[in-house]
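Shown next, in structure tokens, is the structure this report addresses.
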Amino acid sequence: MTLWYLARAAGVMALVFFTIAASLGALGAGSRKPEQRFWLQYVHRSAAVTGLLLLVAHVIAVISDSYVDVGASVVVWPFGSGYRPFAVTVGALAAYSLVFAAVVGAARGRLARSEAFTKRWRSIHLAASLGWLLSIGHSLLAGTDRGTPWMLAITIGCLAAVGTSVAVRLRRREDQRSTPLSLARAGRFQ
Ligand code: HEM
1 MTLWYLARAA GVMALVFFTI AASLGALGAG SRKPEQRFWL QYVHRSAAVT GLLLLVAHVI
61 AVISDSYVDV GASVVVWPFG SGYRPFAVTV GALAAYSLVF AAVVGAARGR LARSEAFTKR
121 WRSIHLAASL GWLLSIGHSL LAGTDRGTPW MLAITIGCLA AVGTSVAVRL RRREDQRSTP
181 LSLARAGRFQ
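Be aware that the sequence shown starts at 1, since it is given in full-length UniProt numbering, and climbs by one per residue.
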């Protein structure tokens with residue numbers, strides 16, 4: 001049972017860390033204060049990397065555990081899982097989106113020289129948001145603990161955290177649009 005507990009614990013913690021990353025990413029992108037923006041992005045990246053490590057632990061534990069029929073092939077071909085096939089497929093699609101966003105994010109410094117890449121960066125990074133949303137769907141569909149009060153509280157907490165951060169960002173964007181640039185540069189509206 002150890003592997004089964006490990007798989008579930010790593011899955012839940014990965015979801016929590018990806019939620020932290022998503023929330024801070026939204027807040028960081030909307031911040032005009034350079035120091036605040038730096039720290040928000042620093043913790044955003046650290047949370048994303050921690051989430052990825054936990055995701056790797058989750059997938060390895062699920063595959064190694066004999067309690068469920070999920071083979072290693074699920075990583076490249078997720079559609080044939082013997083255990084909750086739809087839920088596992090949603091999880092695999094979430095993992096692809098998150099890994100894709102992480103790889104492109106890691107190469108951002110090098111790719112930044114390309115103007116086309118810089119223009120498309122925001123839309124490419126939406127893969128991370130899609131991955132987070134699919135992760136929520138996956139945990140609601142796949143999890144043994146999905147109906148327990150503590151797991152429901154975690155899921156609602158994750159949705160509330162990202163929802164609030166996105167709302168704050170949209171609000172700031174509206175404020176910035178209505179603030180003259182000269183006043184914003186003078187630091188009077190931040
Ligand atoms: C190839 C990718 C993935 C596979 C094969 C996979 C597999 C599984 C399986 C078989 C379960 C059922 C465990 C149970 O019954 O409790 C599960 C649950 C779960 N997975 Fe995944 N998963 C994948 C990706 C992800 C991703 C990207 C996340 C997001 C962070 C995630 C988070 C979770 C969570 C939170 C649970 C619920 C655990 C619980 O209820 O205690 N998984 N996963």
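Every residue gets a Cβ at the ideal spot worked out from N, C-alpha and C, and that includes glycine.
These figures come from a predicted structure and were not determined experimentally.
Nearest to residue i by alpha carbon, out of the options?
| i | options | result |
| --- | --- | --- |
| Ala-128 | Leu-6, Thr-144 and Val-104 | Val-104 |
| Gly-25 | Arg-32, Arg-37, Val-74 and Ala-61 | Arg-37 |
| Val-23 | Ser-139, Arg-177, Val-168 and Gln-176 | Going by the sequence as given, residue 23 is Ser instead of Val. Of the listed residues, the one whose Cα sits closest to Ser-23 is Val-168. |
| Leu-6 | Lys-33, Arg-113, Thr-179 and Ala-57 | Ala-57 |
| Ser-139 | Leu-3, Thr-19 and Met-1 | Thr-19 |
| Ser-97 | Arg-108, Ser-114, Gly-80 and Ile-124 | Ile-124 |
| Tyr-42 | Leu-170, Ala-106, Val-74 and Arg-122 | Ala-106 |
| Gln-95 | Leu-27, Ile-60, Ser-114 and Ile-156 | It should be pointed out that residue 95 corresponds to Ala in this sequence rather than to Gln. Ala-95 has its Cα closest to that of Ile-60, out of Leu-27, Ile-60, Ser-114 and Ile-156. |
| Arg-171 | Leu-27, Arg-122, Leu-40 and Glu-35 | Leu-27 |
| Arg-45 | Gly-163, Arg-108, Arg-177 and Gly-147 | Arg-108 |
| Val-99 | Leu-111, Val-75 and Asp-175 | Val-75 |
| Ile-63 | Arg-8, Pro-149 and Leu-111 | Arg-8 |
| Ala-161 | Trp-4, Met-1 and Ala-21 | Ala-21 |
| Ser-165 | Ser-73, Ala-72 and Leu-40 | Leu-40 |
Return the chain-ordered list of same chain residues with a C-beta closer than 7 Å to the C-beta of residue i, the five sequence neighbours on each side being excluded.
| i | result |
| --- | --- |
| Phe-17 | Ala-47, Thr-50, Gly-51 and Leu-54 |
| Leu-130 | Ser-97 |
| Ala-142 | Arg-84, Ala-87, Val-88 and Gly-91 |
Near residue i, what residues of its chain come up, given a Cβ to Cβ distance below 8 Å and the 5 sequence neighbours on each side ignored?
| i | result |
| --- | --- |
| Arg-173 | Gly-30 |
| Cys-158 | Leu-15, Val-16, Thr-19 and Ile-136 |
| Ile-154 | Val-12, Leu-15 and Val-16 |
| Ala-10 | Leu-54, Leu-55, Ala-57, His-58 and Ala-61 |
| Ser-73 | Gly-80 |
Can you list, in chain order, the residues of its chain whose CB lies under 6 Å from that of residue i, leaving out five sequence neighbours each side?
| i | result |
| --- | --- |
| Asp-69 | Gly-82 and Tyr-83 |
| Met-151 | Asp-145 |
| Ala-14 | Gly-51, Leu-54, Leu-55 and His-58 |
| Leu-93 | Leu-134 |
| Leu-3 | Ala-61, Ser-64 and Asp-65 |
| Trp-132 | Phe-18 and Ala-22 |
(Q) For the stretch 57–67 against the stretch 106–121, do three or more pairs of beta-carbon atoms, one drawn from each stretch, fall closer than 8 Å, so that the two count as touching? (A) With the cut-off at 8 Å, the stretch 57–67 and the stretch 106–121 do not touch.
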